[in-house]
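Read through the structure below, which is laid out as C-alpha cells, and then see the notes.
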Amino acid sequence: MRMSIVKRLVILLPGFEHMPVEAHYRRFVREAGKTAPVYGMRFTEPSSLETSTAEAGVETGRFSLDTQGDDSSVRTDFVLYGLGDITLFYASRNPVIRLLSGLFALLDFIVSGTFFRFVTTSWRYALFFVYPLLVLAGIAAASLGAGYLIDDIFPNSPFVLPGTALLAFTCLLWFASAKLHLLLLMDDWTFARDMARGKCPEVMTKMENVIADAARQISQTSNDTEVIVAAHSLGAICALPVIDEALKHNQSRRYGLLTVGSSLLKVALHPAATRLRNCVAKVAQSKTTWIDAQSLTDPMNFYKSDPIRDLDIAKGRSPVLMQVRFRHQLCDETYKAIRRDFFRVHRQFVFGVDKRTRYSWHAILCGPQRFADIAARGGLPCEQTVCADDSLKIVGPAIT
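Residues in the sequence shown are numbered from 1490 upward in steps of one, following the working numbering.
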C-alpha cells in the first residue's frame, strides 16, 4: 500500500489561562503521547520548542511533531501563541481593581442585553455567567453574618462590625480566588468586555499583533500544506479574525478551523462586537471547513449552539458541530476525578483520551486524516467494535 504523506501547519490559540508557552507546549506533547496509541499512531519530536517574543509582547512558540501510522506519515508544524501574556496583564492588577472591573463587566453584559441572549442561546452558559455573582453574594452574606456575630459579643465598639465584616470578606475572597478561581473569572469577563467594545489599547495591540503574525505565517506556507487554525475556549475570538485576515491574502485557499469548548458567542453576542460578527460572517461565506466541538458536561461552552444561526448571519454555512461526551473518552477513574471540577472539565477538550471516539484534539491535529475529510465524515474514523459512541451530531455539512 502506498504511504500517505501529509504536511500541515497548525496555529494554536489557547484559552484564558495563566500559562506560559512552555507549559502549553509540555501539556500538548504529554497529552499527545497519551492519545497516540489509542489511535494507532506514534509521535516523534524532530526539534525542541523554540520561543520568541513579538514586538507587542506576546510570547510565541514553534515546534513540530512527526506522526507515523501503518500507511501514513505526517509532519505537523505548530505555531503556539502565548495568550497567557494577556491573562497576566489582567492578573497583575490590584485585587480590588480586578474585582470591581469584573463586576462592571458583568453589569455591562446584563445592561446590554447580552446575558439574556445567553439564556436563549444556551441556558447552561447563563448559569456559568451567574456563578461569580452567586459566589460574591455568598461572601458578602457570610461576612456580614460574621460581623453581626462578633458585634453581639463585643457590642460597645463601633468598629467591631465593619472591621470584622471587612476581615471576613478579605479572607473569603482570598479563599474563593484560590479554590473557586473567582478573580480569574472576573479577569475573564473584563477581557471579554474589552474585546467586545475594543477597550484597553494595550491588550488590543497584543491581539492585533497575534492576528497579523498568524495570518503572515499562513500566507508563507506552500499550497500543498494543510492549514488549520485551532482554538480552545476564548481563543476562538482570535481564531475567526485570523482566518478572516488569511482570506484577505488568499480567498481561494481552503483553510481548516477547529474551535473546541468555544467562547466565541460570549463576546460575539454582545451588541458592540460588530467587528467579530463580521469576521464570523466572512469565514462562514468562504471555503473554510469549520468544526466546532461542544460538550454537555462543560458548563463553560455554548452547548448545542450554532454560531451562524445564533448570530443571525443570513448567508453562510454553519460549522460541523461535534457534541462530545467526555465520559465515553475516559476511563471511569479519570472521569470521576474530573467531573466535579468544571475548570478541569473545560480543559478536557485539549487533554488526552483513554478511548477512541470521533473527537480527539491531538488525533485531529496530528493524525493522517485531512481536516476536510474529518469534517465530511463527521469525525475521526471510528469502528464501533473499538470505539464508544460519543453522541456526535452533525448539524452543518462540511465544505468539500
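Ideal Cβ placement from N, Cα and C applies to all residues, glycine included. Computed from a predicted structure; not experimentally measured.
Q.
What residue range does the alpha helix (DSSP H) around GLN1783 cover?
A. For the purposes of this step, residue 1783 is taken as the residue at position 294 of the sequence shown. Annotation for GLN1783: no alpha helix (DSSP H) segment contains it, though the beta strand (DSSP E) segment containing it runs 1778 to 1783.
Q | Member of MET1530, ALA1665, LYS1695 whose CA lies at the smallest distance from the CA of TYR1570 | A | Position 81 of the sequence shown holds residue 1570. Per the C-alpha coordinates, the member of MET1530, ALA1665, LYS1695 positioned closest to TYR1570 is LYS1695.
Q. Is the CB-CB distance between ALA1864 and VAL1813 below 8 Å?
A. Start at 1 with the first residue of the sequence shown, and residue 1864 comes out as number 375. Start at 1 with the first residue of the sequence shown, and residue 1813 comes out as number 324. For the 8 Å CB-CB criterion, ALA1864 and VAL1813 do not form a contact.
(Q) Which of the three DSSP states is assigned to THR1786 in this structure? (A) As a first step, residue 1786 must be located in the sequence shown, where it is residue number 297. Looking at THR1786 - three-state DSSP - the assignment turns out to be coil, as it is neither helix nor strand.
Q: In angstroms with no decimal places, state the Cα-to-Cα distance between SER1553 and ALA1657.
A: In the sequence shown, the residue the question calls residue 1553 occupies position 64. In the sequence shown, the residue the question calls residue 1657 occupies position 168. So the alpha carbons of these two residues sit roughly 50 Å apart.
Q | Between the CA atoms of MET1789 and VAL1834 - distance to the nearest angstrom | A | Within the sequence shown, the letter at position 345 stands for residue 1834. Within the sequence shown, the letter at position 300 stands for residue 1789. About 9 Å.
Q) Which of the three DSSP states, helix, strand or coil, is assigned to ILE1802? A) On the sequence shown, residue 1802 is found 313 positions in, with the first residue counted as 1. Of the three classes helix, strand and coil, the one that applies to ILE1802 here is coil, per DSSP.
Q) Which residue spans inside the segment 1745 to 1782 form an unbroken alpha helix (DSSP H) run of at least 4? A) For the segment 1745 to 1782, whole alpha helix (DSSP H) runs of length 4 or above, ordered along the chain, are 1753 to 1757, 1763 to 1773.
(Q) Closest to ALA1631 by C-alpha separation, out of ASN1583, PHE1598, ALA1665, would be which residue? (A) Within the sequence shown, residue 1631 is the residue found at index 142, counting from 1. Here the closest residue by C-alpha is ALA1665.
Q | Local Cβ density within 10 Å of LEU1498, reported as buried at 16 or more and exposed below that | A | As a first step, residue 1498 must be located in the sequence shown, where it is residue number 9. Classification for LEU1498: buried.
Q | Rounded distance between the beta-carbons of GLY1573 and MET1530, thought under 8 Å | A | Start at 1 with the first residue of the sequence shown, and residue 1530 comes out as number 41. Start at 1 with the first residue of the sequence shown, and residue 1573 comes out as number 84. 28 Å between Cβ atoms; not a contact.
Q. How would you call ASP1641, buried or exposed, if buried means at least 16 neighbouring beta carbons within 10 angstroms?
A. For the purposes of this step, residue 1641 is taken as the residue at position 152 of the sequence shown. With a threshold of 16 other beta carbon atoms within 10 Å, ASP1641 falls short and is exposed.
Q) Apart from the five residues just before and just after LEU1723, which ones in its own chain have a Cβ nearer than 6 Å to its Cβ? A) Against the sequence shown, residue 1723 aligns to sequence position 234. Here LEU1723 has GLY1504, PHE1505, SER1752 as same chain residues with Cβ atoms under 6 Å from its own Cβ, once five neighbours each way along the sequence are excluded.
(Q) Here's the rule: buried if 16 or more other CB atoms are within 10 angstroms of the residue's CB, otherwise exposed. What is ALA1757? (A) Looking up residue 1757 in the sequence shown gives position 268. In the assembly as shown, ALA1757 is a buried residue. Its beta-carbon has 16 or more other beta-carbons within 10 Å.
Q: State the Cα-Cα distance for the pair ALA1877 and ARG1829, rounded to the nearest angstrom.
A: On the sequence shown, position 388 is the one that residue 1877 refers to. On the sequence shown, position 340 is the one that residue 1829 refers to. Low per-residue confidence applies at ALA1877: pLDDT is 45, beneath 50, and the placement is therefore not dependable enough to give any value.
Q) Where does the unbroken alpha helix (DSSP H) through SER1851 begin, and where does it stop? A) Here residue 1851 corresponds to residue number 362 of the sequence shown, with the count starting at 1. One point to set straight first is that residue 1851 is His, not Ser, in the sequence displayed. HIS1851: member of the alpha helix (DSSP H) spanning 1850 to 1855, first to last residue.
Q: For THR1533, I'd like the list of residues in its chain whose CB is within less than 7 Å of its CB, leaving aside the five on either flank, ordered along the chain.
A: Numbered from its first residue, the sequence shown carries residue 1533 at position 44. Excluding sequence neighbours, THR1533 sits near ASP1555.
Q: Quick one: give me the first and last residue of the alpha helix (DSSP H) that TYR1570 is part of.
A: Here the question's residue 1570 lines up with position 81 in the sequence shown. Taken as a continuous stretch (DSSP letters only), TYR1570 belongs to no alpha helix (DSSP H), being part of the beta strand (DSSP E) at 1561 to 1570.
Q.
Can you list, in chain order, the residues of its chain with a C-beta nearer than 6 Å to that of ILE1460? Leave out the 5 residues immediately preceding and following it.
A. The question about residue 1460 has no answer, for the chain in this structure spans 1490 to 1889.
Q. Quick one: is ARG1798 buried, meaning 16 or more other Cβ sit within 10 Å of its Cβ, or exposed?
A. Stepping through the sequence shown from its first residue, residue 1798 is reached at position 309. Answer is exposed; the Cβ neighbour count stays below 16.
Q) Does the Cβ-Cβ distance between VAL1773 and GLY1805 come in under 8 Å? A) Here the question's residue 1773 lines up with position 284 in the sequence shown. Here the question's residue 1805 lines up with position 316 in the sequence shown. Position check: residue 1773 holds Ala in this sequence, whereas Val was assumed. Yes, they are a contact pair.
Q: Tell me whether the beta-carbon of LEU1736 lies closer than 8 Å to the beta-carbon of ARG1766.
A: The count along the sequence shown starts at 1 and reaches residue 1736 at position 247. The count along the sequence shown starts at 1 and reaches residue 1766 at position 277. Against a cut-off of 8 Å, the Cβ pair of ARG1766 and LEU1736 comes out as no contact.
Q. Who are MET1508's beta bridge partners in DSSP?
A. Residue 1508 sits at position 19 when you count from the first residue of the sequence shown. For MET1508, DSSP assigns no beta-bridge partner whatsoever.
Q. Under 8 Å, do ASP1781 and GLN1818 count as touching if we go by C-beta distance?
A. Reading the sequence shown from its first residue, position 292 is the one you call residue 1781. Reading the sequence shown from its first residue, position 329 is the one you call residue 1818. The Cβ-Cβ distance between ASP1781 and GLN1818 does not fall below 8 Å.
Q: Provide the residue(s) that pair with SER1541 in DSSP beta bridges, ordered along the chain.
A: Locating residue 1541 in the sequence shown gives position 52, counting from the first residue. Its beta-bridge partners are THR1549.
Q.
Between the alpha carbons of ILE1883 and GLY1652, how many angstroms are there, rounded?
A. Here residue 1883 corresponds to residue number 394 of the sequence shown, with the count starting at 1. Here residue 1652 corresponds to residue number 163 of the sequence shown, with the count starting at 1. Residue confidence for ILE1883 is low, a pLDDT of 37 falling below 50, so the modelled location carries little weight and cannot support an answer.
Q: Would you kindly work out how many angstroms separate the C-alpha atoms of MET1684 and SER1775, rounded to a whole number?
A: Here residue 1684 refers to the residue found at position 195 when the sequence shown is read from its first residue. Here residue 1775 refers to the residue found at position 286 when the sequence shown is read from its first residue. The alpha-carbon atoms of MET1684 and SER1775 are separated by roughly 24 Å.
Q: Provide the residue span of the alpha helix (DSSP H) that contains HIS1835, from first to last.
A: Here residue 1835 corresponds to residue number 346 of the sequence shown, with the count starting at 1. Where HIS1835 is concerned, the enclosing alpha helix (DSSP H) starts and stops at 1831 to 1836.
Q: Drop a sphere of 10 angstroms on the beta-carbon of LYS1668, count the other beta-carbons inside from all chains shown, and report buried for 16 or more, exposed for fewer.
A: Locating residue 1668 in the sequence shown gives position 179, counting from the first residue. Result: exposed.
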